[in-house]
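What follows is a single structure, written as structure tokens, with notes after it.
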Amino acid sequence: MSIPNIITLIRILLVPVIVWAIASGQMKIAFGIFVIAGVSDAVDGFLAKRFNMASELGALLDPLADKALLVSIYVALGIWGAFPRWIVILVVSRDIMIVGAVIISWLFGKPMPMKPLMVSKLNTAAQVALAALVLAALGFNFSSAPYELILMACVTVLTLLSVAFYMVEWVRHMSTIELSR
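Okay, so the sequence shown: first residue is 1398 according to the working numbering, each after it adds one.
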């Protein structure tokens, strides 16, 4: 168990705390935890690369921590009423589709290589920016318009593009499977 993996596990443990903070209307606390989670993500990535502490476990845990945090925040903010339901459904559905495709590829004995696409990295950045802006606006009581709408449009477009690119990659990858008769 390396230091970056411990930091990642702590980030996973922050997920229920941030959901509690949002559900309790403690938006300053939620924003603070979100910032801490973001900094911890950068720190564990830096340590893993700089000091050669990267591991197979870390390669699986890090994106899991990121997704657990973002999906939980989007769902909690959707329930709170800070996000429209459609964007929550879009963000969550994308992740479910990708995880489902990965599971299906494993079941067929043809696991997909886990490499994030550039559009997916941009999508994650837009999702993080939107969540941070909304949490900050709620916590510090300021209007985030029109930036919130601009980021919501970016998240929408990038999420749809990401799903499309991943599905094309998945279909291409899975098309080489031979079914036994």
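Note that beta-carbon positions come from the ideal geometry of N, C-alpha and C, so glycine has one too. No experiment lies behind these values; they were computed from the predicted model shown.
Query, Result
"Beta-carbon proximity list for Ser-1437, same chain, < 6 Å, skipping 5 on both sides", "Ile-1404 and Arg-1408"
"Buried/exposed call for Leu-1546, threshold 16 Cβ in 10 Å", "exposed"
"Opening and closing residue of the alpha helix (DSSP H) in which Gly-1442 lies", "1424-1447"
"Status (buried if at least 16 other CB within 10 Å, exposed otherwise) for Phe-1505", "exposed"
"DSSP-derived helix/strand/coil call for Met-1511", "coil"
"Residue from Ala-1498, Val-1516 and Ser-1540 with nearest C-alpha to Thr-1556", "Val-1516"
"Pick from Gly-1497, Val-1531 and Lys-1464 that is closest to Phe-1480, judged by C-alpha positions", "Val-1531"
"Cα-Cα separation between Thr-1553 and Gly-1422, rounded to whole angstroms", "26 Å"
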